[in-house]
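For reference, the structure is listed below as structure tokens.
As structure tokens, this is what we get:
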């Protein structure tokens, strides 16, 4: 029987190249848990791991146990994707590459927008997609066209923009860049199940963001420019469970910063 998401503690094959190991760390921000992606080209004995997860020894041991890891890539800085970087490097000795220098390990170097990484029979193109965080990237598996999106696009729901370094203008530009990659590309997200068409979901995300932005504008007209973030959240996110309002405040902070620029 073919396994489907969520399937904890097992390697679930998603495409000819990409398999996922779902970490058992569900939560408000992680949904069902963090997806650790494990890439293997046909005929290769080596793997590339994307986002080893947080500092969960059982999860890291399971991922390390798949075989020889040639390279580790990080989509963005959040702890649920990077907390286990040091321990995973100890387990595998594989170099770790990211945008942020703090996660580099071994011979790993900083990721550069547009670069093509050729390793273990894989051709992986880095696409800068900031907005969720300043250091967010997506990774195109050129061998088959699928795209690892980190938290820029999720398998369900929508992305929360980090109000410490997230930027709505950057995020809207990133969504447009993903749309331009074309249709028919499988989405391999940082959380949630895979999706069949990157262009379609990116257009949906873009429309949703623009709708929310219009709602925030309208809220400021109604409430006044001095309205608090919580006032705007209660006005705009009345359709969302109030338990999620503290999370929505992060996105509203980013939206207000965008509008006030």
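In the UniProt record's numbering, the protein residues as written are 1 to 261. Built from N, CA and C at the ideal position, the CB exists for glycine as well. Keep in mind that this is a model prediction, so the values were computed, not measured.
So what's residue i in DSSP terms, helix, strand or just coil?
i	result
residue 246	helix
residue 19	strand
residue 258	helix
residue 205	helix
residue 1	Only weak support exists for where residue 1 lies, its pLDDT of 44 falling under 50; the value from the coordinates is given anyway. Correct three-state label for residue 1: coil.
For a quick check, are the C-beta atoms of residue i and residue j less than 7 Å apart?
i	j	result
residue 37	residue 148	yes
residue 76	residue 136	yes
residue 163	residue 243	no
residue 94	residue 72	yes
residue 168	residue 258	yes
residue 161	residue 204	no
residue 74	residue 47	no
residue 80	residue 130	no
residue 99	residue 111	yes
residue 31	residue 208	no
residue 254	residue 166	yes
residue 121	residue 44	yes
residue 189	residue 153	yes
Considering only residues of the same chain and omitting the five flanking positions on each side of residue i, which have a CB-CB separation below 7 Å?
i	result
residue 248	233, 237 and 240
residue 182	199
residue 55	83, 84 and 87
residue 19	11, 12, 13 and 38
residue 62	9 and 21
Taking residue i as the reference, give the member of the options with the closest Cα.
i	options	result
residue 107	83, 96 and 65	96
residue 260	199, 67 and 220	220
residue 206	114, 173 and 243	173
residue 66	32, 83, 101 and 13	13
residue 159	169, 29, 111 and 63	29
residue 8	16, 17, 18 and 26	26
residue 10	64, 46 and 44	64
residue 39	256, 202, 215 and 118	118
residue 134	180, 6 and 150	150
residue 5	114, 222 and 22	22
residue 180	188, 189, 201 and 193	201
residue 15	143, 218, 212 and 176	143
Which same chain residues, not among the five before or five after residue i, have their C-beta less than 8 Å away from its C-beta?
i	result
residue 245	230, 233, 234 and 237
residue 145	184, 185 and 186
residue 267	Any property of residue 267 remains undetermined from this structure, which presents the chain solely from 1 to 261.
residue 113	126, 127, 128 and 137
residue 101	110
residue 222	235
residue 34	22, 23, 25, 51, 53, 54, 80, 81, 190 and 191
residue 1	Unreliable positioning characterises residue 1 in this predicted model, as indicated by a pLDDT of 44, which lies under 50. A coordinate reading is not provided.
residue 216	232, 236, 252, 255, 256 and 259
residue 3	10 and 12
Hey, is residue i's beta-carbon within less than 7 Å of any beta-carbon in chain C?
i	result
residue 23	This model lacks chain C altogether, as it is built from one protein chain only.
For residue i, which residues from the same chain have a beta carbon less than 6 Å from its beta carbon, with the 5 sequence-adjacent residues on both sides left out?
i	result
residue 262	Coverage of the chain is limited to positions 1 through 261, which leaves residue 262 absent and any answer about it impossible.
residue 69	47, 49, 92 and 94
- Message: I'd like the ranges of any beta strand (DSSP E) spanning at least 3 consecutive residues and lying wholly in the UniProt domain "Metallo-beta-lactamase" (33-191).
- Response: 35-39, 46-50, 68-73, 116-119, 122-128, 137-141, 147-150 and 187-189
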